[in-house]
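**Student:** Residue numbers are given in numbering that gives the first Met the number 0: position 68 of the sequence shown equals residue 67, and the series is strictly consecutive.
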Amino acid sequence: MKPLKEFTIPFVGLKIAKHLFEYEVNQAFFKHFEYEDFNDVNIHVNVELEKKTTLLELHFEISGWVNVNCDLTNEPYNQTIENTFDLVVNFGDEYNDEHIDILIIPHGTYEISVEQYIYELIILSVPIKRIHPGVEDGSLDSEILKKLEELSPKLKEDKEKEEDIDPRWNTLKKLLTDK
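(1) So if DSSP puts Gly-107 in a beta bridge, which residue, or which two residues, is it bridged to?
(2) May I have the straight-line CA-CA distance separating Arg-129 from Asn-68, to the nearest angstrom?
(3) Along the chain, where does the alpha helix (DSSP H) that runs through Lys-30 open and close?
(4) Am I right that Thr-72 and Val-134 are in contact with their C-beta atoms under 8 Å? What's the rounded C-beta distance?
(5) Which residue wins for smallest C-alpha separation from Leu-102, given the options Glu-110, Gly-63, Asn-89?
(6) Looking at C-alpha atoms only, which residue of Pro-75, Glu-33, Val-113, Ile-99 is the closest neighbour of Phe-10?
(7) Along the chain, which unbroken stretches of the alpha helix (DSSP H) at least 4 residues long are found entirely within the region 75-126?
(8) Return the chain-ordered list of same chain residues with a C-beta closer than 6 Å to the C-beta of Thr-7, the five sequence neighbours on each side being excluded.
(9) Given this structure, state the Cα-to-Cα distance separating Thr-83 from Pro-105, to the nearest angstrom.
(10) My understanding is that Pro-75 touches Asn-41, with C-beta atoms under 8 Å, so please give their C-beta distance in whole angstroms.
(11) Taking DSSP's pairing of strands, which residues face Ile-143 in a bridge?
(12) Leaving aside the five residues before and after His-18 along the sequence, list all residues of the same chain whose C-beta is less than 6 Å from its C-beta, in chain order.
(13) Measure how close the beta-carbons of Lys-50 and Leu-86 come, nearest whole angstrom, since I'm counting them as under 8 Å.
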């Protein structure tokens with residue numbers, strides 16, 4: 000996969016100080032990674048690069064929304080996301096990204112690509128279980144929700160069945176709980 004040029008930071012010409020890079024991430028960014036779980040995306044990314052004499056410190060901040068389908072109703076909705084991530088870039092003999100928050104790049108490297116870190120930060124910011132806000136507050140009117148409610152077991156019927164049980168079974172249940 001060819002890296003996206005706008006997410007490459009050439010740090011060799013920068014002064015030893017803090018530098019801010021801003022990116023707008025949209026659906027085309029995820030098409031580049033062949034990720035199709037999002038219907039639409041609008042995310043603002045701030046990358047603060049602090050250049051020091053022997054290393055680089057990157058601080059990522061994302062905020063925005065992704066349009067996803069609800070896991071219960073399959074209705075699309077905008078899920079707001081916010082997250083931060085810190086990365087230390089050090090120089091060494093060879094490339095090494097074994098650690099989550101430490102990246103070692105070879106001496107003589109003059110630029111760093113941050114697209115993979117932005118991609119992973121966004122993906123990990125989306126909740127595992129995606130529930131439409133209308134489901135939680137009861138305002139969503141959906142055919143699927145009506146069908147789920149229709150097919151769900153009724154609590155009142157269960158209580159009535161328990162009352163109709165022969166009382167001799169209750170004494171047997173006590174034997175199990177008296178241990």
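For glycine and all other residues, C-beta sits at the position ideal for the given N, C-alpha and C.
**Tutor:** Judging by the given coordinates:
(1) Along the sequence shown, read from residue 1 onward, the residue named residue 107 stands at position 108. Paired residues: none, contrary to the question.
(2) One-based indexing of the sequence shown puts residue 129 at position 130. One-based indexing of the sequence shown puts residue 68 at position 69. Rounded to whole angstroms, Arg-129 and Asn-68 show a C-alpha spacing of 7 Å.
(3) Numbered from 1 along the sequence shown, position 31 holds the residue referred to as residue 30. In the DSSP assignment, Lys-30 falls within the alpha helix (DSSP H) that extends over 26-31.
(4) Taking the sequence shown and counting its residues from 1, the one referred to as residue 72 is at position 73. Taking the sequence shown and counting its residues from 1, the one referred to as residue 134 is at position 135. Contact between Thr-72 and Val-134 holds, with the beta-carbon distance rounding to 6 Å and staying under 8 Å.
(5) The residue given as residue 102 occupies position 103 in the sequence shown. Here the closest residue by C-alpha is Asn-89.
(6) For the purposes of this step, residue 10 is identified with residue 11 of the sequence shown, where counting begins at 1. Distances from the alpha-carbon of Phe-10 to those of Pro-75, Glu-33, Val-113, Ile-99 put Val-113 closest.
(7) As far as the region 75-126 is concerned, its whole alpha helix (DSSP H) runs of at least 4 residues are 114-124.
(8) Residue numbering aside, residue 7 sits at position 8 when the sequence shown is read from its first letter. Only residues of its own chain outside the window of five on either side were considered, and among them Glu-110, Ser-112 have a CB closer than 6 Å to the CB of Thr-7, listed in chain order.
(9) By one-based count along the sequence shown, residue 83 stands at place 84. By one-based count along the sequence shown, residue 105 stands at place 106. Roughly 26 Å separates the two Cα atoms.
(10) The count along the sequence shown starts at 1 and reaches residue 75 at position 76. The count along the sequence shown starts at 1 and reaches residue 41 at position 42. Cβ-Cβ separation between Pro-75 and Asn-41: approximately 14 Å, too far for a contact (criterion under 8 Å).
(11) For this step, residue 143 is matched to residue 144 along the sequence shown. BP columns for Ile-143 are empty, so no partner.
(12) Here residue 18 is taken as the residue at index 19 of the sequence shown, counted from 1. If we look at His-18 and ignore the five residues flanking it on each side, its Cβ neighbours are Leu-48.
(13) As a first step, residue 50 must be located in the sequence shown, where it is residue number 51. As a first step, residue 86 must be located in the sequence shown, where it is residue number 87. About 13 Å separates the two Cβ atoms, so there is no contact after all.
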